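Structure first, commentary second.
2 protein chains.
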Amino acid sequence: MKSNIFSPKSIAIIGASPHKKKLGFQVLKNVIDGGYKGKIYPINIDPSIRHIQSHKSYSSVLKVPGKIDMAVFVIPAKFVPQALQECGKKKIKLAVIISAGFKEVGGEGVELEKQILKIAKKSGIRILGPNCLGFINTKIKLNASFAPSMPSDGNVAVVSQSGAICTAILDWASKNHIGFSKFFSLGNKSDITELDLLPYLASDKQTSVITSYLENVAGNNGGDDFRGVAEKTTLKKPVVILKAGISEKGAAAISSHTGSLAGSNQAISSLFKQSGVIRANSLEDLFDYAEAFSLLKAPTGNRVAIITNAGGPGVMTTDAIEGTKLELATLTNETQEKLKKVLPPAANIHNPIDLVGDADDLRYKNALNIIETDKNVDSILVLLTPQTSTKIEATAELVLKKIKKSSKTIIPIFMGGKRANHGIDIFEKNHSAVFEYPERAVKALEKISFCQSCEMGIRKIYPPKILKIKKSRKNKVNKIIVGARRAVPENQPTLIAGSTADEILKQYDIPILKSSLAKARSEAIKKSKKIGFPVVFKIDSPDIIHKSDVGGVIVGIKNEKEAGVAFSKIMSNIKRNAPRAKINGIMIYEMVSLGIEFFIGAKRDPTYGPLVGFGLGGVFVEILKDVSFRLAPLSYFDIDKMIGELKSAKIISGARGKGSLDKKGIVDALIKVSNLMINHPQISELDINPLAVFENRVVAVDNRLIIL
Amino acid sequence: MKSNIFSPKSIAIIGASPHKKKLGFQVLKNVIDGGYKGKIYPINIDPSIRHIQSHKSYSSVLKVPGKIDMAVFVIPAKFVPQALQECGKKKIKLAVIISAGFKEVGGEGVELEKQILKIAKKSGIRILGPNCLGFINTKIKLNASFAPSMPSDGNVAVVSQSGAICTAILDWASKNHIGFSKFFSLGNKSDITELDLLPYLASDKQTSVITSYLENVAGNNGGDDFRGVAEKTTLKKPVVILKAGISEKGAAAISSHTGSLAGSNQAISSLFKQSGVIRANSLEDLFDYAEAFSLLKAPTGNRVAIITNAGGPGVMTTDAIEGTKLELATLTNETQEKLKKVLPPAANIHNPIDLVGDADDLRYKNALNIIETDKNVDSILVLLTPQTSTKIEATAELVLKKIKKSSKTIIPIFMGGKRANHGIDIFEKNHSAVFEYPERAVKALEKISFCQSCEMGIRKIYPPKILKIKKSRKNKVNKIIVGARRAVPENQPTLIAGSTADEILKQYDIPILKSSLAKARSEAIKKSKKIGFPVVFKIDSPDIIHKSDVGGVIVGIKNEKEAGVAFSKIMSNIKRNAPRAKINGIMIYEMVSLGIEFFIGAKRDPTYGPLVGFGLGGVFVEILKDVSFRLAPLSYFDIDKMIGELKSAKIISGARGKGSLDKKGIVDALIKVSNLMINHPQISELDINPLAVFENRVVAVDNRLIIL
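Chains as they are written, first to last, in the numbering used here: chain A, 1460 to 2167; chain B, 1460 to 2167.
So, in structure tokens, the structure goes:
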């Protein structure tokens, strides 16, 4: 996408109207009132209309004498294709289609959307929308939307898939004096999506934080995918996304709303983590983070000082810091000595610093001056409660001055309502961040302290680990899959388990139990010896599913003698209990004491591809749910984070005096599963449970795959 | 406490001052300006002062001719004792001591507080404070505080341990038009605490919800305890408490602030659950819940309908409902048919009901009229985003009317900022609840839907199960404890494990492994047979701690022959490896396959008494942390909730095709541990891990107690 596409020098408003009640009137008015300096061409099919809102109007873009960079569509859906074709002829580069009546209404609308996409592709036009609010570029004072008013300019970019959320965001910003760089309403995302806008905004000089509301996130469909695009963007700028439709019911509400498929919450969560996107869990979060990233400087460390005029709020703030990656700063002795000199005896000179109830602005100033120079402090939360002698406005003014001059991150938190708002207004009017509640300020501070693109974050992309797997091995896997598939009726999922599943894992060198097939008693004895006692015997027959039920399993075979007896025993059991079963022989497995049972799973998400899970295994895996997920292909960094998220990470590193487990073995197995899932899209699900983990070895004991 | 104590007919302000800058001026002014109709007596030691703020003043309460019900103290701490003594003589019933300089400053202040308490007790005076903001009773228009203004009257009672939080709450209420019934600043809680105020407010007619900010919660100190008081109160009215100081650091901040000990978060959490208290996790929560309980009617069920003018916010609200105890209502066919008739074709007639972006007030009205009569709907969330054609004020007015008339709970959520606020103002000015974010509205709705004192809640107190334990058994336990205690130096904790711990559990009939002590080989064989093979032998010696290390343990003894061999083997091992150890004999234990390993623990909290825990056991109990807690004495109801909170509850009820486990055995064991902890305060900690749980049996396998 060309970088100047949203900075047109001339625009046509197709459907511009002289009637105040029409959307075409409002959109043209917005363009004019916003202060746009480029050429404006109202287009109205009625040739009797000559001027609309003092601008000369035309019956078609083709009638416009000059060049047109962009067209806004506010005409009924059915007229869009023809008008778009004319835009093609006119070499217009961008069509902002506000008109509704496309995919979102189903039926004919779907066809109509396909039709306009085809036209656009052929003519080299990019489409924003349809069914959108339009877009705003404050840099060139262009309000090409039907939003009720032009927002002030600032450094926040907004990309929203819901027009209503756009209006709510604009309304919030107008109250809180937040300014925007660019504002995009995505509508049906027929052409331009977040995949285009993230790179565009990453290099947009006016933008320093990208915020977004999405109902579905563009998947991995051939070309650039979200992960690739977003991880590059988040290296440059923070990206905050509110993804709606996390619940099944929520997802249903989306389908009936925009007709698009919502990705599973787990996949989205992995996707965001892997691409460095900051997830907002509510609109309130989105607003808080937008404000913080827009207005606050990123701290250079995680040590927080709290200044307060009351103990209670200090305690509440300390509570809020607990459980985050932030830390309560330990003030230097020097700081404490200095504080002692300027504060009354009842004050607390340790962090949280309590200036006591009668603190005026001067006392805040003295404390701030001292704390600001403490080398152990990275950011300062300034709490104020509206007590009788509190100088709310004066304190706000002085904190504001400090914020502007200080090299540290200073966040005011003014608690209360009516009186506190007098202070809050001062910050807001001066475009300075301010909070009403400590919990929210702390949450926002944590985000700006640990964001990937900010000072303290991780500034590197860790490439996924792609293994070189021999073609013959891949073919072998595919052959097994095709074979298994053939045995099952069309459209039914195929389960692959037992030795067949092991055979697939073996091609990727995922360690499985040593095993061997024996057809005769003497062979069984010989092979058991080779594997090493104790061993387990299992009947191998495509016709026997529940092997134990027919006496087809004997465990704990300790020596050659027992092996011989066991072979005969199983064979006679089968002869009696399943006389007509086809018998391949007896599978001999090494018998391992189970070590610690972990679990590796994979499930192919329809939108985002294979989701790989790792966690505590065994029979209760679904109950304990100590499992973490990432999308394949996995990087070593991903796996490190996956393991770190688990409660059972402590077991791996050695808990309760026990030795540490084979972490390298776990990592290898995960990389191999990741590659297996990437290379063989027929595999829909995979289950290694348990993955027995020992101090120096891992073994995939019980393995199943589902093929679609 | 007498019910009229906070409705005095006459009050003295001790320290009333004619100087505007003095607190004694402000407090008197507040009393007068508030509109108090009773008699007001300013007291100032300076006899030259005759009148203060037009009220005749006196140099001592003893000089006042009439009766005085209450005195407010605004004099320096050191003068308080004498003035209080005079109050005693004057038969004043309540002293509101605003003055600071007591326990909170340490040293002499602590002594001073003890002194005034002694005086008060002797004279029958109750004390609110010291070091508090005072109190407000809007019913009699009494503002006996130095809060900057008199709040409007309403049904919310506030009890706050922080004066600053008081001012923040008043300021919030003033902005949001929330009215109060009573307002208490507790200060140092020297005499009157939440234990007095909860019962008082429970029967206060003006109060319908009790909100509180506490830094420490009154413990179980002999008389009435918090649990007993609160569970009675919550049956009548919702009680919402914000407890600060949940983190260790937070707790430290409190100690340095009020010198009081913060209870552990786990104990507080159990205490609140067991007494039906609703816990607010932030001031924002407290405000939201206060507003909801104050202004909304409690719904009669948990089925929620959503009406919205945009899909996005509908999805967000559905997301917010997921994971709560609320449910998205399924509209009747009739409702859907009716909706179809009045809504445009693009609208969604399923829940969430999307009126689409151009919805005006009439469309909201039509939808509300229909949804209101749907028998499948208990409460209605009305969402509005400020879109171009949205009639914000008109919609607010009509929703307001509906709220007043409807039998259902209707909650408006107006999202945005500047324009949305025009609607929000209409609700607030009319004392009607309104929210800005769906997540917060849903959270508040859940609270009012499931509160103990509201329609859908549980309206019963479940008494703790107290077992009748024979005195001889209790004595036996005490004797064992004393004996064990004797063996360890003073001031050091005593560990009781092995057969001694088993002996204690046995007195309470907690099922332990069958065991027997044998001193001779033949005895060992005989007793093994009696217990039933297989058995385990363990050397029993007070001098041998690590029994395995000296060859003192043999497991899996299968028959009489093996028993004989094992006895000799252990004895010879000990002779060789620990020749000087005193040997009691060999303990024989039944050998159980471990079933599923659970865990019962107990720890005595210094403030709230024994906290009993239950959860998944085994070696990884601390890692998986699938444990729930309640304070002893436990009721059957408590245990039911404890088990219900666990992920592993599913294992007990039969997971993955396995049979259910012996839940009754678990419940019995928990009741017995609860009684053991209550009856023997010397026991500081107890650990049963594992508690082996089978389908029809539980066994406390490995047991330890710590005695202090």
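For glycine and all other residues, C-beta sits at the position ideal for the given N, C-alpha and C. Remember, predicted model here, so these are calculated numbers, not experimental data.
Chain A has no Cβ within less than 8 Å of the Cβ of E1852(B). DSSP lists D1813(A) as the beta-bridge partner residues of T1767(A). For the options L2083(B), G1957(B), G2072(B), S2112(B), the alpha carbon positioned closest to that of I2098(B) is the one of G2072(B). Rounded to the nearest whole angstrom, the C-alpha separation of Y2067(A) and L1730(A) is 8 Å. L1821(B) counts as exposed, since fewer than 16 other C-beta atoms from the protein chains shown sit within 10 angstroms of its C-beta. When the five nearest sequence neighbours on each side are left out, the beta carbons in the same chain lying within less than 7 Å of the beta carbon of T1776(B) are those of I1765, P1811, L1840, L1842, P1897, V1901, in order along the chain.
In this structure L1576(A) is not in contact with A1536(A), their Cβ atoms being roughly 13 Å apart against a cut-off of 8 Å.
The beta carbon of D1747(B) sits closer than 6 Å to the beta carbons of R1899, A1903 from its chain, once the five residues preceding and following it are set aside; these are given in chain order. If the five residues before and after A1616(B) are omitted, its C-beta is found closer than 6 Å to the C-beta atoms of S1640, K1641, L1660, T1666, I1669, all from its own chain and listed in chain order.
For the 8 Å CB-CB criterion, P1467(B) and I1508(B) do not form a contact. Within the stretch 1739-1811 of chain A, the runs of alpha helix (DSSP H) at least 4 residues long that lie entirely inside it are, in chain order, 1742-1754, 1770-1780, 1792-1801. The stretch 2032-2113 of chain A is shown to contain whole alpha helix (DSSP H) runs of 4 or more residues at 2080-2083, 2095-2104, 2108-2111, in chain order. About 13 Å separates the Cβ atoms of L2105(B) and G2060(B), ruling out a contact at the 8 Å cut-off. Under a criterion of Cβ atoms nearer than 8 Å, no residue of chain A is adjacent to V1569(B); the nearest Cβ is some 15 Å distant. When the five nearest sequence neighbours on each side are left out, no beta carbon in the same chain lies closer than 8 Å to the beta carbon of P1524(A).
A1739(A) is positioned such that its CB atom lies closer than 8 Å to that of L1745(A). Here the C-alpha atom of K1479(B) lies approximately 16 Å from the C-alpha atom of I1473(B). In this chain, T1832(A) is not harboured by any beta strand (DSSP E), its DSSP state being neither H nor E.
When the Cα atoms are used, D1612(B) and R1878(A) turn out to be separated by approximately 19 Å. Taking a 10 Å sphere around the C-beta of P1952(A), we find fewer than 16 other C-beta atoms and assign the residue as exposed. Take the alpha-carbon of V2086(B) and the one of T1767(B): they are about 41 Å apart. For the stretch 1631-1715 of chain A, the full-length alpha helix (DSSP H) segments reaching 4 residues or more read 1653-1661, 1685-1695 along the chain. Under DSSP, R1980(B) shares a beta bridge with no residue. Taking C-beta atoms as the reference points, G2015(A) and I2033(A) fail to come closer than 8 Å. Within the stretch 1854-1880 of chain A, contact with chain B at the beta-carbon level (separation under 8 Å) is assigned to M1874, G1875, G1876, K1877, R1878, A1879, N1880. Residue contact with chain A for G2124(B): absent (no Cβ-Cβ distance below 8 Å to any residue of chain A).
Counting C-beta atoms within 10 angstroms of its own C-beta, D1655(A) has 16 or more neighbours from the protein chains shown and is therefore classed as buried. Between I1628(B) and the set V1815(B), P1540(B), S1671(B), I1557(B), the nearest pair of CA atoms involves S1671(B). Not flagged as an interface residue toward chain B: P2092(A), since no C-beta distance is shorter than 8 Å. With the rule of 3 Cβ pairs closer than 8 Å, the stretch 1973-1992 of chain A does not count as touching the stretch 1917-1936 of chain A. A straight line joining the alpha-carbon of E1545(B) with that of K1648(B) spans about 22 Å.
Sixteen is the threshold: since fewer than 16 other Cβ atoms of the shown chains lie within 10 Å of the Cβ of E2154(A), the residue is exposed. Counting C-beta pairs with one atom in each stretch, the stretch 2041-2060 of chain A and the stretch 2144-2159 of chain A have three or more that are closer than 8 Å, which means they touch.
Looking at A2040(A), A1554(A), K1988(A), the one whose alpha-carbon comes closest to that of H2005(A) is A2040(A).
Residue burial annotation: Q1541(A) is exposed, with fewer than 16 other C-beta atoms found within 10 angstroms of its C-beta.
The Cβ-Cβ distance between A1559(A) and S1516(A) does not fall below 8 Å.
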